[in-house]
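Under the numbering used here, the first residue of the sequence shown is numbered 2, with each subsequent residue one higher. We treat Cβ as the ideally placed atom computed from N, Cα and C, and that holds for glycine. Quick caveat: nothing in here was measured; it's all calculated off a predicted structure. One structure is given below, encoded as structure tokens.
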Amino acid sequence: MNTKIDFRLLLVGILLTTFGVSFSQAQVLENAPPLDNFYEKINFKDRQPRPDVFVRDADVYMKNRIWRTIDFRAKMNQYLYYPIEPVQDRVSLMSLVLKGMEDGTIIAYDPITDDFTKQLTYEEFLKQNTSEREIQKEDLDNPGEYITTKETTSFRKENVKMLRVKEDWFIDKHRSVRDVRILGIAPVIQQFDNNNELKGNQTLFWLYYKQIRPEFARTESFNRHNSAMRPSYDDVFSQDRLFESYITKMDNMQDRSIQSYAQGVDIMYEAERMKDILFKMEHDLWSF
């Protein structure tokens with residue numbers, strides 16, 4: 002008799018346990034969206050940027066400071082621009098930066114100078130890039146008469162189609178190598194007048210690259226060849242340099258950019274000349 006009672010109690014316990022697990026699983030599925038993949042990506046969640054090799058002041062034999070521009074419209078760089086809005090597990094560079102500024106995980110600096118001295122909050126950035134203008138519209142109720150209305154133009158991240166990069170190229174005589182360190186990046190938009198003619202480029206803000214590396218390391222960029230092996234945004238910039246760019250300035254006595262003293266095709270020739278200087282740094286140092 003006791004054996005039958007124990008067996009029934011055991012059976013009831015198993016049923017209750019099974020029902021509880023099933024109910025718990027049902028609750029999880031009901032409250033959480035389904036996983037849009039056949040496996041869970043966990044490698045990037047706690048990923049840290051790879052540390053740079055320590056460089057002593059005494060070992061820097063030669064250094065050149067370079068400013069270059071990455072144009073998102075170039076075919077190789079389009080993965081930095083798209084998608085405009087986050088899609089599934091993909092996020093564009095500007096979406097990542099603006100989300101980080103809004104959350105406080107990314108600090109921006111005023112674009113007046115590129116020496117990272119004055120911080121710029123997300124609210125200040127939006128205010129600086131929001132404008133109002135008065136326009137005349139015909140009154141539909143009174144044809145021939147016009148009314149004045151205000152038109153507000155807000156910042157749109159899809160207008161950011163270029164990125165400025167500030168970096169140092171140097172010779173480390175201790176390791177006997179030429180190396181490069183990115184100091185900062187800055188999104189750039191083009192400005193147009195009322196006739197839709199280009200007026201120039203506007204730098205929105207500067208980001209100190211060392212500060213944003215942890216956030217960049219935890220975020221995947223797109224790999225057009227293999228979606229299972231996507232590099233992080235930190236890999237894109239500081240490790241593998243997976244972008245196409247052109248030089249706009251090398252440090253000089255007058256602190257001039259190339260466009261200030263060259264025009265037309267000469268700008269391209271001057272940029273190539275500077276590029277050649279950088280790649281000959283190591284060759285000239287160790288050749289005899």
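The beta carbon of L81 sits closer than 8 Å to those of I71, F73, S93, L94, L164, S222, V237, F244, all from its chain and outside the five residues before and after it, given in chain order. In this structure K167 is buried. Its beta-carbon is surrounded by 16 or more other beta-carbon atoms within 10 angstroms. By the neighbour-count criterion, in which 16 or more other beta carbons inside 10 Å mark a residue as buried, G145 falls on the exposed side. Within the model, the alpha-carbon separation for M63 versus N195 is close to 47 Å. Proximity of the region 42-50 to the region 218-234 meets the contact definition, three or more beta-carbon pairs being nearer than 8 Å. Beta-bridge analysis with DSSP links E152 to R134.
The DSSP assignment places complete beta strand (DSSP E) segments of no fewer than 3 residues inside the region 182-255 at 199-204, 207-209, 247-251, in order along the chain. When C-alpha distances from S239 are compared across F193, L184, D277, the shortest belongs to L184.
Within the same chain, Cβ atoms closer than 7 Å to the Cβ of Q137 are found at Y147, T149, the five residues on either side in sequence being excluded. Annotation: the region 54-91 contains the following complete segments of the alpha helix (DSSP H) (minimum length 4 residues), in chain order: 79-82. As the crow flies, the alpha-carbon of R69 is around 34 Å from that of R134. Residue pairing by DSSP places Q120 opposite Y110 in a beta bridge. In this structure, the straight-line span from the alpha carbon of I213 to that of D142 is close to 54 Å. In the three-state scheme derived from DSSP, where H, G and I count as helix and E and B as strand, L94 is classed as helix.
Measuring C-alpha to C-alpha distances from G101 to each of Y83, I113, K119, E124 identifies E124 as the nearest. For the 7 Å CB-CB criterion, L205 and P188 form a contact. Secondary structure of L164 (DSSP, three-state): strand. The Cβ-Cβ distance between D37 and Q79 does not fall below 7 Å. The three-state reading of DSSP puts D47 in coil, since its state is none of H, G, I, E or B. Distance between D252 and S228, taken at the CA atoms: about 39 Å.
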